[in-house]
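To start, the structure under review is shown below, and the notes come after it.
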Amino acid sequence: MNRASTYLFSLFLSVILVFSILGAAFCAVVNFTVTPENTVELTHENAIDQKVYDYLDNLYKDRYYTSGIPAGIYMDAIDNNWLKEIIEADIKDGFEVLNEHTALEREFKNDELEKNIRNFFSNYADSVGAEKDDIYNRKVDKAVSNAYSIIESACDVYKIKTLQQHGVITKLAKVYSRCSLMTTLLVSAILVICLLLMFVNRKDTTYVLYWAGVSSIIAGIIGAAPCGYLLLTKFYDSFSIKQPQIYTAYTSAMYSFTYAVTAIMIALIITGIAVMTLYSVVWRFKVQTKELEAIHNNKLNDK
């Protein structure tokens, strides 16, 4: 194989290597960062449960003028620990679906909440002399059911149930559940490409270091450039989401993921530079060795 052919084949393989490295790095970030544990930890760091509490408090205060039910009827029975339990359960159920498992059917009962609502309606009925018949009972049951629905919807900070209803989670699950396999396949592809580069450059395998280093640097730059733009411009801050708990949940998750991708891309660039430095050292050593051999041969010829 002549030099031109060797160069073209090496260039072609290095292009494939760039995208294989990018894919493997991206899948690795997903595997290690997009987990229920990390997602739950993010909600703790950003006090999402308190944001849900404040949102519900404001919501029920606003609704008082139309419903006539004081916010305290609901909020006196709600605490952050209960809200945190619902938030965490929703996240874990979402990841179960992402892993193509069946999520558990959960009920988040709050006896004090139900008691407060029923007592309020009972006292109101007594004050106006209303009969507590089947119609009354149905209205009270509906009020209790609506309270649970509103609270659970507010706690679904990643809107997992909404995404699931629209089939988005199911589609994402086909990719997410196979991310570990994809990582393994892409890493295997990287190794195979490196072996092919060794075969193509078998006359001087030092060039494998050159192509591997260049590919790693280019992959890192390609991945880091858009991430740098997103972080420097604070792109996610422009999201138009009215509910503060959902806004914070999504933006913090996106920033966390982007920082993780940026970190691994910088690591790729540094690795590439290190490999290129190694190539330079080896190449200079070979050149110097050849020069010394030439000098030695010339001396022998002179004798």
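Position 237 of the sequence shown, counted from 1, bears residue number 231 in this note's numbering, the numbering being contiguous throughout. Here a beta-carbon is modelled for each residue, glycine too, at the ideal position from N, C-alpha and C. Model, not experiment: these values are computed from the prediction.
Alpha carbon to alpha carbon, what distance is there between Ser61 and Arg112? 15 Å
For Tyr244 and Arg172, what's the separation of their Cα atoms in angstroms? 23 Å
So is Asp87 buried or exposed if we call it buried at 16+ other beta carbons inside 10 Å? buried
DSSP-derived helix/strand/coil call for Val151: coil
When Phe102, Ile215, Asp127 and Gln237 are compared against Leu262, the one with the closest alpha-carbon: With respect to the C-alpha of Leu262, the residue from Phe102, Ile215, Asp127 and Gln237 having the closest C-alpha is Ile215.
Take Asn75 as the anchor and find which of Ala65, Ala41 and Asn140 has the nearest alpha-carbon. Out of Ala65, Ala41 and Asn140, the CA that lies nearest to the CA of Asn75 is found in Ala41.
Under 8 Å by Cβ, that's how I've got Met270 and Gly222 pegged, so tell me the actual separation to the nearest angstrom. Not really, about 22 Å apart at Cβ, beyond 8 Å.
Uninterrupted alpha helix (DSSP H) stretches inside the region 37 to 84 (no shorter than 4 residues): 42 to 61 and 65 to 69
Less than 8 Å between the C-beta atoms of Ile15 and Ile163, yes or no? Contact flag unset, no.
Run the CB neighbour count on Thr256, radius 10 Å, all protein chains shown included, and call it buried at 16 or more, exposed below. buried
Would you mind stating whether Ala218 and Ile264 have Cβ atoms separated by less than 8 Å? no
Helix or strand or just coil, what does DSSP make of Val91? helix
Since Tyr223 is in the alpha helix (DSSP H), which residue starts that stretch and which ends it? Thr200 to Leu226
Which of the three DSSP states, helix, strand or coil, is assigned to Tyr29? Before going further, note that residue 29 is Thr rather than Tyr in the sequence given. Thr29 falls in the coil class under three-state DSSP.
Classify Ser174 as helix, strand or coil using the three-state DSSP reduction. helix
Beta-carbon proximity of Thr27 to Val151, cut-off 8 Å: Taking 8 Å as the Cβ cut-off, Thr27 and Val151 do not qualify as a contacting pair.
Count the other CB atoms within 10 Å of the CB of Lys280; is the residue buried (16 or more) or exposed (fewer)? With fewer than 16 other Cβ atoms within 10 Å, it is exposed.
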